[in-house]
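To start, the structure itself, in structure tokens.
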Amino acid sequence: MSQKPNVKTVTSKDIRTQLRETVEHFEHFLPAQASIKDFVHHNTLHGFQHLPFAEAVKAAEQYNGASGFLEEKHFQKFYQQGRINSADLTHVLTADKDFNLEQIFYQNQARQISIKDLLLAMLIKPFKNLTDSQLTWQLEELNAQYCFQDDVSHNSRQTLLKSHQADGGEYSEPAAISRLWEACLEKLELEHFILHPEEMLDLSAEQINKILKMTASSEEENSTQHHGVHRKMQKQAAIELGELLAQVGKTITLRGLLIALTGEDILDEIRPLMIRYVSSYLDQGMASWHQDRDKGFYQSWRTNAHNDLIWLFETLPDWHDTLESLPDESIEVVIQELQYLDLPQNRWSHYLDCLVMELPGWSGMFLWRHNNPGYAGLKDIPVEMMDYLAVRLILERLFAKRLCAEQWQFDASLDMFRWYFRRHRSEFIVRYTLFNKRLPEYLTSQAQRQLERARHGNVETNSWQSLGDIFWTWLHTPAAGGNASYSIFDHAWKLFYLAQHLGMSGAMVRSLSTQQIDTVFSLLGQLDKDKRGFIWLQAYEHHYREQMLNMLVNNKNRGTWKTRSKRPEAQTVFCMDDREEAFRRHLEELNPAIETLGAAAHFNVFIDWKGVDDEQSSPLCPVVAVPAHEIHEKPAPNYLGAYTVHKARYDLRHKLKNLLHQESHRNLLSTAVLIALSAPASLMLLIGKIIFPLKTGQSIDKSIHDFESDIPTDLVANCDTPLDNPGPENRQIGFTDHEQADRVETLLRNMGLINEFAPLVVIFGHGSISQNNPHLAAYDCGACSGRHSGPNARTFAFAANRPEVRAILSERGITIPEDSWFIGAEHNTCDESIIWYDLEKVPQTLQTNLENLKKQIFQASLFSAHERCRRLASAPKKPSLQQAFDHIVGRSYDFTQARPELGHATNAIAFIGRRSLTQSAFLDRRGFLISYDPTTDPDGTIVERLLLANGPVGAGISLEYYFSTINNDIYGSGSKITHNVSGWFGVMDGTNSDLRTGLPRQMIEIHEAMRLQVVVEAKVELLTEIYSRQPALQELIGNGWILVCAIDPDTGDLSEFKIGEGFVPWQGEVSQLTVVEKSTDWYDGLEYPLAPALIAKKGEY
Amino acid sequence: MLAKFIYLLPLLPLLAAFWIGLSYIFGHNRGESGEKMTAKMASVASLSALILILIIDLQAMLIGVPGSVTITNWLSSGNYQINISFYLDTLSLSLLTLISLISFLTIRFSINYLHREASFQRFFIILLIFSAAMFLIVSAGNMVLTFVGWEMAGVCSYLLIAYNFDRPIPTTNASRIFITNRIGDAGLIASIVLSFMWIGDIEWHKVLQQPNSLSSLQLDLIIGGFLLAALVKSAQFPFSPWISRALEGPTPSSAIFYGSLMVHSGVYLMLRLQPLLQQNETLLVIIAIFGLITALYGYFTGLVQTDVKSAFIFSTIAHVGLMFLLIGLEFFVLASWYLVLHAIWRAYHFLHAPSQMHNINQAARSVPAWLAQFKILHTASLQRFWLDNISNWMIVRPMNALAHDAQSFDEKIVSRLIGKPKQQYIISSLANWEKNKDTLQMTDKAAMVQGHGLIGSFMEWLASLMEWFEEHLILKSGGEGLLDLVQKIGTNLQKIENLLNQPRYLMILVSITFIIII
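As structure tokens, then:
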């Protein structure tokens, strides 16, 4: 680091290193979402993955305030629906070492209540903290002290009434409940008066004395000094001031401090400026005019700021002085600004953490570009996170300074705040209480007036004092919470509520010992929001896991292709994607002689793909990898002439499109001509697309097709002159024979497909095409960085068909018979269409097989569409196959659709093993299916590879859905309908919001927020060994980001992985599953998630 | 003549909106299951409106435009008459067709797009009222009806900008826009009043026929009011900033309000005034200048916009500015043609906004090098020529200060003069109590109750006396019997005191005093 000599050097060199490390650390909590065109699913809390799940969500909550679990009301609803039952809860609670479930809590002749009963009652019912006014409402308006709460079950009511009767009371609801309420109050030594806020200051002398006594410190008790209260208030003010200032750089920034003291948010002024500057800098192609982007963000901003007149109109007199005194290096700016703030150096890092979290989306995007230099060809635009911090801090200071000058005529530094408020403690208490605590309305308006007057400088000196005293008094009245150990609206109410649900009468409550009462509240205390959420989540997962494991037991020896005793009619390889599960199942139902397999759809061919029409190549491989090989598509030899025509027309069409969608808003006069000319056609298109989406879409596609006349193409995938050391910087075009063989071999061995090759082996990549959808990439192939994986399938098939490659493979023990042919294809998961590649190269002898297969695949896509319709609200109910298909295709063409398809919304489980485990079972499109044959992998190298490669991908998808579902406001991106695409890298709500990361609400509506279950077909010993040597898996599995079970390949015994214990045998119950003739019998007409069923087998394979 | 059914045009969507609202109140169409009903109602209403206007169009083509259609008299007072009347000439008929078509398409678009939104019903109600408002603006036979439509459109836009009313940014923007639009309304009202005064009539067909009866100043003022309204509604310079704040609502509403229909209503108003404008060269020049400035403003600002909706909206106002320019140059026909084509194109463009980045395959063309040199112009464009900041500086902050002064005046002078009690409470604070306990002085008790004005002081004294009485006789007395007795008295006194503290008794007391004095 080159430090300018004239810069004030009160800081050590260490501080610069520390700041740089802080920036590195940002990625642990800022959203790490890529630019939206390259959306790839990832664990939203990726930065917290080193922590156990429950701790990680808690840690994240400290940064963003978002709870890590679904709201409890949803779980309680699931409980009512039977999707979670008490057995599930008991299972989870038993495993929890904090509780001793069997311990007896209460016992008399008739009843026995265990800790378990207590805990279940506390979980199943909503235990809300009431506020004083809510309690008043309950008692005054709802007569809660005379009748049962609405949600008390019939059984509990009966039990309570009977035991009340047994205790000598009258068998009546009002009598029993009012006795209970009295008992609860009495037990906690509480009295209840109904107080209204206005009466709270109307204290009796007795109460006053009590409060004074309670608040008195030991030395004061004997003192006879006057005005003790005022002094106490001052003392409290000093303490609270200290606490508040200590929060700066811990949980809040200067902005937070100002909100706490003035209620005004300077971010409202900074946000638009920051968004304009940052988005103009990061822009990937939307705007036509940028400035000085080659000099870095900070310098670019300085140029703008220098010319900016905002200081004049927004009264920022220091603007130019500040600009001129700025150092040239952004890191020096950061140091200078933090020094200016008088913040102790040890809090700097954390201060910056808080600062970037004020606009997490924008900060995250900036950081992502910082970490991905040269993204999208923007090589000349350096993105340095330190620049962002510098600009953000300068703006913060300027606007904070203005606000402070208006309010107090002092400068915005912590020392000034400390100095001023130590001398104005009453003012502090008034401000702090007003903006941070609950006050009744009449006090709030008093305080607001006072502040308003103070701002205009006409405030009497002692009015702060008297208002401060009033606030202090109010805060110590019983209604405001007071200092009592038990409170009515918290403790008594909860006890009352709990007793009703347990059916405990007043007499029973009265007979509780102090210790028992303590037990109740300590259990309630232990069951805090996070703990409850985690218990519910585990119970929810347990319920689903039991169903699935039960299915595996039931399906034992039923699934086909456990061993290939004969040659299948065809083999089809799909992506492991949960969306392909239904497709495969229906295909197998249509023709049991077809074997289906699953693998990550890069098919081990990591390539940089350049299609025949593409200007640039794009990487088709997992996002963590950078391909070293390029594959090109070229026109087939006889079509070079046709290609020229095609290319010209393709370019023309895109030029027109660019003209219409981009030039039409860029220019003035030429645009006017353009608009006038294109308006009539656009009207026709608009009518067509809105009223008849399917017909219009199809005819547009057809006319494009006719106009451009697609031509057959070949791959440039062979490499005769290999490079010495191909890599990301030194890419080789095509693969050598050996490289091809390596890739083919790896995939085939991964899937266990090393014998009995069918005459036709089809490899299906996938992608999704929909209209008007900024989140398009989120529906594509996650294994290919959110792009279409058809080219990978095609390249794979190309390699596997080559005799040279087959010869090498055969040397390595995989013999592909001469009459086997590989075909590449791409499945469009949105409209269920299939693109077939290179069919003209299929040998003549296989043409009949091909025709049949294509027919069956088409049938399967009809069924897949049919099954998808059941979860779509706007789809026809119980549709015919054709209706369903038309709906699905129409949907994909419909530019008014915010839900073209539901994506991975139903993912929940992954199977790594032979298809026979799950074949002929209905998995409801919820499973990732990864083919793996343990019998070909005695030492576990393959399963290790699969776990390492697919574990993070599956976890990424599942956890992104999880977090976007549980809190769509913070982890997700809210509703699509107000989204506004910014700079091609993200979406905002409207024109002036933070960038919204995560999944939009339209994608997660039907998702069930649970962690991914992974079932691996392998020996437990093998898996334990792999686990113990792979830190990546230890992090993922050991911290509970995914849940793992194992099924023994020989015996079919099941085991569950328990954190801290390893694999233990599964001890769940086995029950019979329904067997249905075909999938449609099980799902048709039903909208909700379905339990597994078995599908009757047809024939022996 | 079907033209006499023209009132159905605004009425149909209004009725549909009313019906949806009513069903919602009675719980018939709430939630997801109610969406179908709402969607059907909205589609039927807007489709019927479209069909109706198409039939009227057909008839107009065959037998000529209907001209002014008076349905009934609405208000009449002396010479002032306000009719429910419509004015159907080529201009209004073609715009009505355009509006009904685009409204219908937007409603169809929104049915899928807003599926499962909690505010589905609300959105459609507003959209329907908005289309009724647009129909009114364009077809109204008199200025007051135009104004009614004008206001309805304003309210709808306010409600849709604040669609996400749980977030602060949309609500702040909505309020600011609503207030900005009041400036234009003032212009419109002024023109209506002046027309009444000077022309004696507000029916468009009459006003437009007799421009010569007015002096040129009178004409200037009347048109000036309309021009102000038009400039604000069409977001022309210097009122442009409001429209860039308006894009907080759902995409289809951004499309129909700001991209396609409402932004053109100012242009429509100018076109409507064509016969008057042609009399007045000066105003034409002014219109042209505003149009030109806006066109340039929109163009330069648009060049630096990085988000789709903002980029589109600045382009939109630039082109609306071009329309004003055309009008200023007296190309009225060209302007109206361009209005129609532009409205169609913007509807298409805005509805495709979410996929703009997928519809193109290369970055926007950079500005030419000579332009890029003007760095200050870039900053100005990025900051939207500081129009928002300038209005903060010139209007918002001075206005706030004024409001504060008025409040102080109210509190310190008016309240005291009328003796209105300030908001009070019985025991102010523990500190107060403690102080009183220590000193036991009557004078200190004053803080317990505070009154204002002469009567207030009297009441204060009375209350303090009673307080003292209560304190000494009840709280400090030892004897049981006495305590009971005194307690009773004390309670009664407390009651009286409470009663006396209430304003109505104060009023009675005041009245009694007056009676005695008299």
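So the sequences go chain by chain: B and H.
Under the working numbering, the first residue of the first sequence is numbered 270, with each subsequent residue one higher.
Under the working numbering, the first residue of the second sequence is numbered 30, with each subsequent residue one higher.
All C-beta atoms in this analysis are idealised placements derived from N, C-alpha and C, irrespective of residue type, glycine included.
What you are looking at is a predicted structure, and each value in this text was computed from that prediction instead of being measured.
Inset, instruction - Pull up the CB-CB distance for H/Asp86 and H/Leu40, whole angstroms please, since I reckon it's below 8 Å. - result: Taking the Cβ atoms as the reference, H/Asp86 lies roughly 18 Å from H/Leu40, outside the contact range of under 8 Å.
Inset, instruction - Run down chain B in chain order and give the residues with a C-beta less than 8 Å from the C-beta of H/Met163. - result: Correct list: empty, because the minimum Cβ distance to chain B is about 18 Å.
Legend entry - For B/Ser947 and B/Lys1372, the rounded distance between their alpha carbons: Because chain B is modelled from 270 through 1370, residue 1372 of chain B falls outside the range shown and cannot be assessed.
Inset, instruction - Kindly indicate the opening and closing residues of the beta strand (DSSP E) around B/Phe843. - result: Element bounds for B/Phe843: 839 to 844.
Legend entry - Assigned exposure category for B/Pro949 - 16 Cβ within 10 Å defines buried: In the assembly as shown, B/Pro949 is an exposed residue. Its beta-carbon has fewer than 16 other beta-carbons within 10 Å.
Inset, instruction - Residues of the segment 1041 to 1066 of chain B with a CB closer than 7 Å to any CB of chain H: list them in chain order, please. - result: Residues passing the 7 Å Cβ filter: Asn1041, Asn1042, Pro1043, Leu1045.
Inset, instruction - Return the chain-ordered ranges of every alpha helix (DSSP H) run that is complete within the segment 1043 to 1108 of chain B and spans a minimum of 4 residues. - result: Whole alpha helix (DSSP H) segments, 4+ residues: 1059 to 1070, 1072 to 1080.
Inset, instruction - Give the straight-line distance between the Cα atoms of H/Ala475 and H/Trp490, rounded to the nearest whole angstrom. - result: With a pLDDT of only 40 at H/Ala475, under the threshold of 50, the placement of this residue in the model should not be trusted, and no figure is reported.
Inset, instruction - Keeping to the same chain, check which residues put their C-beta closer than 6 Å to that of B/Val895; ignore five residues upstream and five downstream. - result: If we look at B/Val895 and ignore the five residues flanking it on each side, its Cβ neighbours are Pro997.
Legend entry - B/Asn873 and B/Arg1012 closer than 7 Å at C-beta: The beta carbons of B/Asn873 and B/Arg1012 sit closer together than 7 Å.
Legend entry - Neighbour flag for H/Arg211 against chain B, beta carbons, 7 Å: At least 7 Å separates the CB of H/Arg211 from every CB of chain B.
Legend entry - Where H/Ser245 falls, given that 16 or more other Cβ within 10 Å makes a residue buried: With fewer than 16 other Cβ atoms within 10 Å, it is exposed.
Inset, instruction - Keeping to the same chain, check which residues put their C-beta closer than 6 Å to that of B/Pro1203; ignore five residues upstream and five downstream. - result: Closer than 6 Å at Cβ, skipping near neighbours: Glu1286, Ala1287, Pro1318.
Legend entry - As assigned by DSSP and simplified to three states, the class of B/Phe417: Taken through DSSP and simplified to helix, strand or coil, B/Phe417 comes out as coil.
Inset, instruction - For the segment 196 to 223 of chain H, enumerate the residues whose C-beta is nearer than 9 Å to any C-beta of chain B, in chain order. - result: Listed in sequence order: Arg196, Pro197, Ile198, Pro199, Thr201, Asn202.
Legend entry - Proximal residues to B/Glu899 (C-beta, below 8 Å), its chain only, five neighbours per side dropped: Hits under 8 Å: Ile876, Asp877, Trp878, Lys879, Ser886, Arg1000, Gln1001, Ile1002, Gly1003.
Inset, instruction - Work out the CA separation of B/Thr865 and B/Gly1331 for me, nearest whole Å. - result: Straight-line spacing of the CA atoms in B/Gly1331 and B/Thr865 works out to 32 Å.
Inset, instruction - Using a Cβ-Cβ cut-off of 7 Å, state whether B/Leu955 counts as contacting chain H. - result: It does: the Cβ of B/Leu955 has a partner Cβ on chain H nearer than 7 Å.
Inset, instruction - With DSSP as the reference, please indicate the residues paired to B/Glu898 in a beta bridge. - result: According to the sequence displayed, residue 898 of chain B carries His and not Glu. Answer is B/Gln1001, bridged to B/His898.
Inset, instruction - Whole angstroms is fine: what's the gap from H/Gly508's alpha carbon to B/Glu409's? - result: Low confidence applies here, because H/Gly508 scores a pLDDT of 48, under 50, leaving its location unreliable; read the following figure in that light. Looking at the two C-alpha atoms, the distance is approximately 38 Å.
Legend entry - Buried/exposed call for H/Leu104, threshold 16 Cβ in 10 Å: Burial is judged here by how many other beta carbons sit within 10 angstroms of a residue's own beta carbon; H/Leu104 has fewer than 16 and is exposed.
Inset, instruction - Apply the 10 Å Cβ neighbour rule to B/Tyr711 and answer buried if 16 or more other Cβ atoms are within range, or exposed otherwise. - result: B/Tyr711 is exposed by the Cβ-count criterion.
Legend entry - CB contact check: B/Ser1130 to chain H, cutoff 7 Å: Output row for B/Ser1130: interface = no.
Inset, instruction - Determine which residues of the segment 581 to 592 of chain B have a Cβ less than 9 Å from any Cβ of chain H, and write them out in chain order. - result: Of all residues in the segment 581 to 592 of chain B, Leu581, Phe582, Glu583, Thr584 have a Cβ within less than 9 Å of some Cβ in chain H.
Inset, instruction - Taking only heavy atoms of the ligand GDP into account, decide whether any of them is closer than 6 Å to the Cβ of H/Thr126. - result: The model depicted lacks the ligand GDP and carries no ligand whatsoever.
Inset, instruction - Please classify H/Tyr109: is it buried, with 16 or more other beta-carbons within 10 angstroms of its beta-carbon, or exposed? - result: Note on H/Tyr109: under 16 other CB atoms within 10 angstroms of its CB, so exposed under the neighbour-count rule.
Legend entry - Within 7 Å, strictly: CB atoms of B/Gly1309 and B/Ile1328: Contact check for B/Gly1309 against B/Ile1328 passes: the beta carbons are separated by less than 7 Å.
Legend entry - Straight-line gap, B/Ala723 to B/Ser714 (C-alpha atoms, nearest Å): Taking the straight line from one Cα to the other gives about 14 Å.
Inset, instruction - Under 7 Å between beta-carbons, which chain H residues line up against B/Lys926? List them in chain order, please. - result: By Cβ distance, chain H contributes Asn388, Ile389.
Inset, instruction - Taking all protein chains shown into account, decide if B/Leu1355 is buried (16 or more other Cβ within 10 angstroms of its Cβ) or exposed. - result: Label assigned to B/Leu1355: exposed.
Legend entry - Span of the beta strand (DSSP E) around H/Trp25: No answer is possible for residue 25 of chain H: the residues shown for chain H start at 30 and end at 547.
Legend entry - Within-7 Å CB hit, H/Asn102 to chain B: No, because no Cβ of chain B sits closer than 7 Å to the Cβ of H/Asn102.
Inset, instruction - Within the same chain, show all residues whose beta-carbon is closer than 7 Å to that of B/Ser1324, passing over the 5 residues directly before and after it, in chain order. - result: Counting only Cβ-Cβ distances below 7 Å, and skipping sequence neighbours, we find Val1289, Cys1314, Ala1315, Phe1332, Val1333, Pro1334, Trp1335.
Legend entry - Short CB-CB distance (under 7 Å) between H/Ser132 and chain B: No, H/Ser132 lies away from the interface with chain B (no Cβ there is under 7 Å from its Cβ).
Legend entry - For H/Leu51 and B/Leu1141, the rounded distance between their alpha carbons: Between B/Leu1141 and H/Leu51, the C-alpha separation is close to 28 Å.
Inset, instruction - Return helix, strand or coil for B/Asn987, following the three-state DSSP convention. - result: Annotated three-state conformation of B/Asn987 is strand, per DSSP.
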